[in-house]
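In our numbering, the protein residues as written are 27 to 92. For every residue, glycine included, the Cβ atom is placed at its ideal position computed from N, Cα and C. Here the structure is a predicted model, which means the values were calculated and not measured. Taking it in order: structure first as structure tokens, then the write-up.
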């Protein structure tokens with residue numbers, strides 16, 4: 027369980043990005059009506075940036091422990 031909790035930030039960022047992409051696809055197909063302000067957000071790029079910051083932080087933390 028502790029191992030899963032250590033990956034929780036990465037999993038949550040990935041799920042937010044995935045939900046964003048699915049909502050864009052459903053909006054393009056006309057199944058879901060998404061507000062224009064939501065479509066103008068670049069959530070996958072923001073999620074990638076956050077993911078990289080999490081990985082850098084974890085790597086720095088691991089280096090400090092050694």
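Residue 60 sits in coil when the DSSP states are folded into three classes, being neither helix nor strand. When Cβ pairs closer than 8 angstroms are counted between the two stretches, the region 75-91 is seen not to touch the region 45-60, the count staying below three. Per the Cβ contact rule, the region 65-75 is not in contact with the region 84-91 (fewer than 3 Cβ pairs under 8 angstroms). If you compare the alpha carbons of 59, 89, 74 and 30 with that of residue 39, the shortest gap goes to 74. Taking 8 angstroms as the cut-off, the Cβ atoms of residue 58 and residue 65 do not count as close.
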